[in-house]
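S.K.: These protein sequences, in sequence, are chains A and B.
The first sequence: position 151 = 188 (this note's numbering), numbered continuously.
The second sequence: position 10 = 47 (this note's numbering), numbered continuously.
Glycine included, every Cβ here is placed at the ideal spot set by N, Cα and C.
Protein chains: 2
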Amino acid sequence: MTRFFNDVVVGEAEELGSHTFTADEIKTFARAFDPQPFHLDEAAGAASHFGGLCASGWHTASMWMRLRVDSLKRQAEDARAQGRPVPKLGPSPGFRDLRWLRPVKPGDTLVFWSKIVDKRVSASRPGWGLLTHQNWADNQKGERAFEFTGTNFLEVSPGAAG
Amino acid sequence: MTRFFNDVVVGEAEELGSHTFTADEIKTFARAFDPQPFHLDEAAGAASHFGGLCASGWHTASMWMRLRVDSLKRQAEDARAQGRPVPKLGPSPGFRDLRWLRPVKPGDTLVFWSKIVDKRVSASRPGWGLLTHQNWADNQKGERAFEFTGTNFLEVSPGAAG
């Protein structure tokens with residue numbers, strides 16, 4: 038998505054990357070932000086409705102953000118190396134329909150994807166468009182673990198009309 | 038919300054707590070999960086559309102979770118001290134309509150609230166009900182910075198019919 042808004046194609050999907058969650062990082066996140074027993078301790082997790090230690094849902098969501106930022110950086114570097122301009126990505130107004138579909142356990146590898154499902158020129162911010170993207174993560178068994186629909190402002194190409 | 042599902046009153050609002058975001062913790066979260074320049078560096082933030090260093094939206098959301106867990110723990114301790122049973126809080130299927138309405142900057146103090154807006158008996162999980170809660174955080178100027186609508190399973194009282 039180093040494309041400017043006007044060059045983005047609705048329907049395009051991108052693999053952001055993958056991440057293997059470790060017990061240590063699950064517990065580190067949980068100590069800071071979600072200190073519930075099943076996110077902190079294997080035995081407490083086994084006794085819970087999750088059946089084992091599992092990541093905070095906000096940890097999974099935050100990891101989506103990390104992989105998205107890493108992907109954007111790689112693409113910006115590629116564009117710069119090719120002498121192409123790099124569009125500005127604006128703020129996200131928010132998201133909708135976030136679902137945690139399956140627990141994420143130590144050793145699980147999630148592959149994160151993002152697909153553009155809508156684009157429209159911003160009425161409130163001249164020079165910007167608003168992208169809607171569907172995002173999901175599947176685990177190593179091919180099971181969907183996480184999904185949400187997000188929005189972001191993206192710069193319209195300086196050369197484009199409107 | 039140490040009440041069992043059947044005792045929860047729709048319309049009830051609860052102040053979960055408040056948190057003052059520091060530059061250090063904003064940067065620590067960003068390094069791990071959202072390494073964009075405006076979340077990592079004061080000068081880059083000043084040059085951005087945010088006008089200053091600001092917290093990742095996922096940091097704000099994760100802090101909501103932390104304050105909610107802390108609030109639930111306090112209430113569970115009170116219940117235990119009074120000899121009352123403590124209901125089990127089940128997993129969250131997900132969220133909708135999350136909005137980041139204003140940047141959260143170093144020194145900003147957010148007060149987080151949660152209000153029950155709907156309850157229904159779960160069709161899929163006998164013994165459980167599903168709560169819908171509106172959540173928001175206002176900064177020290179009284180400006181809304183963050184909001185979303187969440188859902189959670191909550192245990193029905195063992196003594197209740199149904």
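Would you say Arg-157 (chain B) lies against chain A (beta-carbon separation less than 7 Å)?
M.R.: no
S.K.: Classify Ser-194 (chain B) as helix, strand or coil using the three-state DSSP reduction.
M.R.: In the structure shown, the three-state DSSP call for Ser-194 (chain B) is coil.
S.K.: Closest by CA to Trp-165 (chain B), which one among B:Thr-188, B:Gly-144 and B:Ala-116?
M.R.: B:Thr-188
S.K.: When burial is assigned at 16 or more other CB atoms within 10 Å of the CB, is Thr-57 (chain B) buried or exposed?
M.R.: Thr-57 (chain B) comes out exposed.
S.K.: Name the chain A residues that come within less than 7 Å of His-86 (chain B), Cβ to Cβ?
M.R.: Gly-127 and Pro-128
S.K.: Considering only their Cβ atoms, is the gap separating Phe-185 (chain B) from Asn-172 (chain B) smaller than 7 Å?
M.R.: yes
S.K.: For Asp-115 (chain A), which option in A:Arg-40, A:Glu-192, A:Val-193 and A:Pro-195 has the closest C-alpha, if you only look at C-alpha atoms?
M.R.: A:Arg-40
S.K.: Could you pull the start and end residues of the alpha helix (DSSP H) that Val-45 (chain B) belongs to?
M.R.: Note, Val-45 (chain B): premise wrong, no alpha helix (DSSP H); not H, not E.
S.K.: Measuring alpha carbon to alpha carbon, tell me which of B:Gly-144, B:Gly-127 and B:Gln-73 ends up nearest Ser-85 (chain A).
M.R.: B:Gly-127
S.K.: Per DSSP, which one or two residues make a beta bridge with Ser-133 (chain B)?
M.R.: One detail in the question is off: residue 133 (chain B) reads as Arg in this sequence, not Ser. Paired residue(s): B:Thr-186.
S.K.: Determine, for Thr-188 (chain B), whether the minimum Cβ-Cβ distance to residues of chain A falls below 7 Å.
M.R.: no
S.K.: When DSSP labels each residue in this structure, what does Asp-145 (chain A) get in the three-state scheme?
M.R.: For Asp-145 (chain A), the three-state secondary structure derived from DSSP is coil.
S.K.: Using the three-state DSSP reduction, which class does Thr-65 (chain B) fall into: helix, strand or coil?
M.R.: helix
S.K.: Apart from the five residues just before and just after Asn-43 (chain A), which ones in its own chain have a Cβ nearer than 8 Å to its Cβ?
M.R.: Gly-166, Val-193, Ser-194 and Ala-197
S.K.: How about Phe-149 (chain B): is its C-beta nearer than 7 Å to some C-beta of chain A?
M.R.: Closer than 7 Å: no.
S.K.: Strictly below 7 Å CB to CB, what residues from chain B border Phe-132 (chain A)?
M.R.: Within 7 Å Cβ-Cβ: Leu-135.
S.K.: Please report the distance separating the alpha-carbon of Glu-52 (chain B) from that of His-96 (chain A).
M.R.: 24 Å
S.K.: Are the segment 139 to 156 of chain A and the segment 55 to 70 of chain A touching, with three or more C-beta to C-beta distances below 8 Å?
M.R.: Segments in contact, yes.
S.K.: Looking at chain B, which residues of the segment 104 to 121 of chain A have a Cβ within less than 7 Å of any of its Cβ atoms?
M.R.: Val-106
S.K.: Given a threshold of 16 other Cβ atoms within 10 Å of its Cβ, counted over all protein chains shown, does Ser-99 (chain B) qualify as buried or as exposed?
M.R.: Buried: at least 16 other Cβ atoms inside 10 Å.
S.K.: Pair every Cβ in the segment 172 to 183 of chain B with every Cβ in the segment 146 to 153 of chain B, then say whether three or more of these pairs are closer than 8 Å.
M.R.: yes
S.K.: Let me make sure I understand the geometry here. Which of A:Arg-162, A:Ala-160, A:Ser-161 and A:Asp-155 has the alpha-carbon closest to that of Ala-50 (chain A)?
M.R.: A:Asp-155
S.K.: Under the assumption that Ser-129 (chain A) contacts Met-102 (chain B) (Cβ atoms under 8 Å), give the Cβ distance between them as a whole number of angstroms.
M.R.: Between Met-102 (chain B) and Ser-129 (chain A) the Cβ distance is about 19 Å, and since that is not below 8 Å, they are no contact.
S.K.: At a threshold of 6 Å, does Glu-184 (chain B) count as lining the ligand NAD (C-beta to nearest heavy atom)?
M.R.: With respect to small molecules bound, the structure shown includes none, and the ligand NAD cannot be examined in it.
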